[in-house]
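In my numbering, the protein residues as written are 33 to 613.
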């Protein structure tokens, strides 16, 4: 069994090992789906304690005072707990996942996942304005990253595990497996490869099946009758896309402004966020919580025309404050509600003023959802597919794509803003290079360029060692002293020096040569584990100002053995070959 698992781990070092990654995708989907279902169940059960039924969505049934006090007290409770946490342990959500994917090679900490799980349950059950899909992405990614770390899987496979966890989290929370796949590839790892798609798709399918079997995920709205009836609607749809882009830009801008107050005490920030949400909840109870019950009402035309704009405005401001102040909630659910309200307003207004322009108001609800989500997350394809899967209607695809493009162009060109998570990451001054070179370095295991022609020698070289080296000269010799690695020397250079260097008699009469007293070119070294990626190797070379790394592996009993050497030159040759093919 040990040999079989070791072979499996070795197969994962190859990015194109489809069967190995397919199995990984199924496991990742089940684990991420289970995590999201537990998360949703926790929200439901906690909400029932203070009388919020309908899957912790029916905040409208609470009295006025409770609608204010519940989010305030929830924010205060979270603030007290978070004040005892280290700042790095408070970071949660999609921004945390993307940051760790680049800065820590996919190693997500379990502490942040626990903060996201319990903090998200309390936040959403107490009516904070936010969504559960962002936490679902974090939980799905984290549980799979932790499994990969515990099993000592290669770090390049952690990248796929996180993508699988993200897709599984979206699929389980939304019942939208295809949108989950595209969201993971479009937003999280920002990479499209055929090999990469396969395990992510399997993960989304497994998570969706588990969610449907256990009754999780969002409601599916039957909007199959909604469709474009005349081309005269096109300009009106483009106008909806523009205003949806304005709303997304407003949400992103308000979130980044709120995030600029991160130096304030966390207890103050969370209490203020709860107070803002509670204040809106007094007069506009639809502001509280995720808002899927309100989304259903908007879908079926059960919300008055004027109320739609009030709900959208309140949701934009309350969500921006909650997310910007660091609450452990997401953006996807509120974004869909905001877009649905704008679309519903446009549809009803057009239908009343000139029915020929907007004969079916329901179409505009779905288009508004897609446009707002696409512009907020910079994920046009994922937004379009999410709406298609949520509404069970493919006829919305063409008008939705038009509105999504207009909304994205509005946010990017008119307001000159990036997507929500990219804006926050930029404010945190974190670099996320997604060029082809860095993508290649992140997904390539160190074993792809390792030079295994290396032997370990003592600094005092005896004749027996010289004779052994002469039989087959290695590329490298790692010089050590009492088990401590000192430096590397070139094998050919060492043999030439041994043939010319003066001999020194040891105390027992043995002739020896001291490498440390030679003028040989010495290569400075550092150590990396065999799970490392090429990106990790280059970062270590730069951070420690060394010229080569030694790759070690551990046996079944924990003994350490040298696998080989990696130099910057080998990495550069490899990347040039790969990028030129």
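Quick reminder that beta carbons are idealized off the backbone N, C-alpha and C, glycines included.
Checklist line | For residue 584, the three-state DSSP class (helix, strand or coil) | finding: Sequence index remark: in the chain shown, residue 584 carries index 552 (1-based). It is a strand residue.
Item checked: Spatially closest choice to residue 339 from 370, 365, 358 and 356, by CA coordinates -> Here the question's residue 339 lines up with position 307 in the chain shown. With distances taken between Cα atoms, residue 339 lies closest to 370.
Check: How big is the Cα-Cα spacing for residue 305 and residue 350?
Finding: Looking up residue 305 in the chain shown gives position 273. Looking up residue 350 in the chain shown gives position 318. Between residue 305 and residue 350, the C-alpha separation is close to 8 Å.
Margin query: Does residue 522 come out as helix, strand or coil in the three-state DSSP assignment?
Written below: As a working mapping, residue 522 is identified with position 490 in the chain shown. Residue state, collapsed to three classes: strand.
Item checked: Best match in 553, 364, 315 and 386 for proximity to residue 99 [C-alpha to C-alpha] -> Residue 99 sits at position 67 when you count from the first residue of the chain shown. Cα-wise, what sits closest to residue 99 is 315.
Checklist line | Residues that DSSP places opposite residue 504 in a beta bridge | finding: Indexing the chain shown from 1 puts residue 504 at position 472. Note: residue 504 sits in no beta bridge, so no partner.
Next item on the list: Kindly indicate which residue of 73, 109, 123 and 136 has the alpha-carbon position closest to the one of residue 564.
Entry: On the chain shown, position 532 is the one that residue 564 refers to. For the residues 73, 109, 123 and 136, the minimum Cα distance to residue 564 belongs to 136.
Check: Helix, strand or coil for residue 516 per DSSP?
Finding: Residue mapping note: residue 516 aligns to position 484 of the chain shown, counting from 1. Residue state, collapsed to three classes: strand.
Next item on the list: To the nearest angstrom, report how far apart residue 388 and residue 311 are at their CA atoms.
Entry: Stepping through the chain shown from its first residue, residue 388 is reached at position 356. Stepping through the chain shown from its first residue, residue 311 is reached at position 279. Cα-Cα distance, rounded: 40 Å.
Notebook entry, point to check: Around the Cβ of residue 354, are there at least 16 other Cβ atoms within 10 angstroms (buried) or fewer (exposed)?
Noted result: Translated into positions along the chain shown, residue 354 becomes position 322. Classification of residue 354: buried, given that the 10 Å Cβ count is 16 or more.
Checklist line | Secondary structure of residue 603, DSSP reduced to three states | finding: Within the chain shown, the letter at position 571 stands for residue 603. Here residue 603 sits in helix by DSSP.
Margin query: Buried or exposed for residue 36, going by 16 or more other Cβ atoms inside 10 Å?
Written below: Against the chain shown, residue 36 aligns to sequence position 4. Exposed, by the Cβ-count rule.
Note to self: Contact between the stretch 374-387 and the stretch 469-477 is defined here as three or more beta-carbon pairs at a separation below 8 Å; is this criterion met?
What the structure shows: no
Next item on the list: State the Cα-Cα distance for the pair residue 587 and residue 595, rounded to the nearest angstrom.
Entry: Reading the chain shown from its first residue, position 555 is the one you call residue 587. Reading the chain shown from its first residue, position 563 is the one you call residue 595. Each residue's Cα considered, the two are about 12 Å apart.
Item checked: Top-ranked residue by Cα proximity to residue 513, from 502, 491 and 522 -> By 1-based counting over the chain shown, the position of residue 513 is 481. Taking only the C-alpha atoms, the option nearest residue 513 is 491.
Checklist line | Beta bridge counterpart(s) of residue 555 as assigned by DSSP | finding: As a position in the chain shown, residue 555 is number 523, starting the count at 1. Answer by DSSP bridge pairing, in chain order: 520.
Notebook entry, point to check: Taking the DSSP output, what are the residues bridged to residue 325?
Noted result: Taking the first residue of the chain shown as 1, we reach residue 325 at position 293. According to DSSP, residue 325 bridges with nothing at all.
Next item on the list: Using the Cα positions of residue 466 and residue 582, report the straight-line distance between them to the nearest angstrom.
Entry: In the chain shown, counting from the first residue as 1, residue 466 sits at position 434. In the chain shown, counting from the first residue as 1, residue 582 sits at position 550. Each residue's alpha carbon lies about 27 Å from the other.
Notebook entry, point to check: Between residue 520 and residue 557, which are expected to be in contact by the criterion C-beta below 8 Å, what is the C-beta distance as a whole number of angstroms?
Noted result: Counting from one through the chain shown, the residue named residue 520 turns up at place 488. Counting from one through the chain shown, the residue named residue 557 turns up at place 525. Contact flag correct, Cβ pair sits at about 6 Å.
Notebook entry, point to check: What residue does the beta strand (DSSP E) around residue 489 start on, and which one ends it?
Noted result: Looking up residue 489 in the chain shown gives position 457. Unbroken beta strand (DSSP E) run through residue 489: 486-490.
Next item on the list: Grab me the residues of residue 518's own chain with a C-beta within less than 7 Å of its C-beta, minus the 5 sequence neighbours each way, in chain order.
Entry: For this step, residue 518 is matched to residue 486 along the chain shown. Taken in chain order, the residues that qualify are 491, 511 and 512.
Notebook entry, point to check: Would DSSP call residue 426 helix, strand or coil?
Noted result: Here residue 426 refers to the residue found at position 394 when the chain shown is read from its first residue. The answer is coil: DSSP assigns residue 426 none of H, G, I, E or B.
Notebook entry, point to check: Should the stretch 415-423 be called in touch with the stretch 448-455, which here means at least 3 C-beta pairs below 8 Å?
Noted result: no
Next item on the list: Starting from residue 229, trace the alpha helix (DSSP H) both ways and give me its first and last residue.
Entry: Stepping through the chain shown from its first residue, residue 229 is reached at position 197. Note, residue 229: alpha helix (DSSP H), 226-246.
Check: What do you get for residue 608, buried or exposed, if any count of 16 or more other CB atoms within 10 angstroms of its CB means buried?
Finding: As a working mapping, residue 608 is identified with position 576 in the chain shown. Classification of residue 608: exposed, given that the 10 Å Cβ count is below 16.
Notebook entry, point to check: What's the call for residue 569, buried or exposed, on a 16-neighbour Cβ count within 10 Å?
Noted result: Here residue 569 is taken as the residue at index 537 of the chain shown, counted from 1. Per the 10 Å Cβ criterion, buried.
Notebook entry, point to check: Any heavy atom of the ligand ADP closer than 7 Å to the CB of residue 239?
Noted result: The model depicted lacks the ligand ADP and carries no ligand whatsoever.
Next item on the list: Measure the alpha-carbon distance for residue 34 versus residue 110 and round it to whole angstroms.
Entry: One-based indexing of the chain shown puts residue 34 at position 2. One-based indexing of the chain shown puts residue 110 at position 78. Below a pLDDT of 50, predicted positions are generally treated as unreliable, and residue 34, at 48, falls in that range; no measurement from the model is reported.
Next item on the list: Assuming residue 212 contacts residue 199 (C-beta within less than 8 Å), just tell me the rounded distance between them.
Entry: Walking along the chain shown from the start, residue 212 turns up at place 180. Walking along the chain shown from the start, residue 199 turns up at place 167. Indeed, because the Cβ distance is near 4 Å, the residues count as touching under 8 Å.
Margin query: Between 58, 457 and 566, which has its C-alpha nearest residue 236's C-alpha?
Written below: The sequence position of residue 236 within the chain shown is 204, counting from 1. Closest by alpha carbon: 58.
Margin query: Taking the straight line between their C-alpha atoms, what separation do you get for residue 148 and residue 362?
Written below: In the chain shown, counting from the first residue as 1, residue 148 sits at position 116. In the chain shown, counting from the first residue as 1, residue 362 sits at position 330. Cα to Cα, residue 148 sits roughly 10 Å from residue 362.
Check: Taking the alpha carbon of residue 138 as the point to measure from, which residue in 226, 190, 146 and 66 has its own alpha carbon closest?
Finding: For this step, residue 138 is matched to residue 106 along the chain shown. Of the candidates 226, 190, 146 and 66, the one whose C-alpha sits nearest the C-alpha of residue 138 is 190.
Note to self: Rounded to whole angstroms, what is the Cα-Cα separation between residue 124 and residue 358?
What the structure shows: As a first step, residue 124 is located in the chain shown; it is residue number 92 there, counting from the start. As a first step, residue 358 is located in the chain shown; it is residue number 326 there, counting from the start. For residue 124 and residue 358, the distance between alpha carbons rounds to 8 Å.
Notebook entry, point to check: Could you give the distance in angstroms between the alpha-carbon of residue 475 and the alpha-carbon of residue 592?
Noted result: The residue you call residue 475 lines up with position 443 of the chain shown. The residue you call residue 592 lines up with position 560 of the chain shown. Cα-Cα distance, rounded: 25 Å.
Item checked: Contact check, residue 65 vs residue 243, beta carbons under 8 Å -> As a working note, residue 65 is residue 33 in the chain shown. As a working note, residue 243 is residue 211 in the chain shown. It is a contact, given that the beta carbons lie within the stated cut-off.
Checklist line | For residue 370, the first and last residue of its enclosing alpha helix (DSSP H) | finding: One-based indexing of the chain shown puts residue 370 at position 338. From DSSP, the alpha helix (DSSP H) with residue 370 extends over 364-385.
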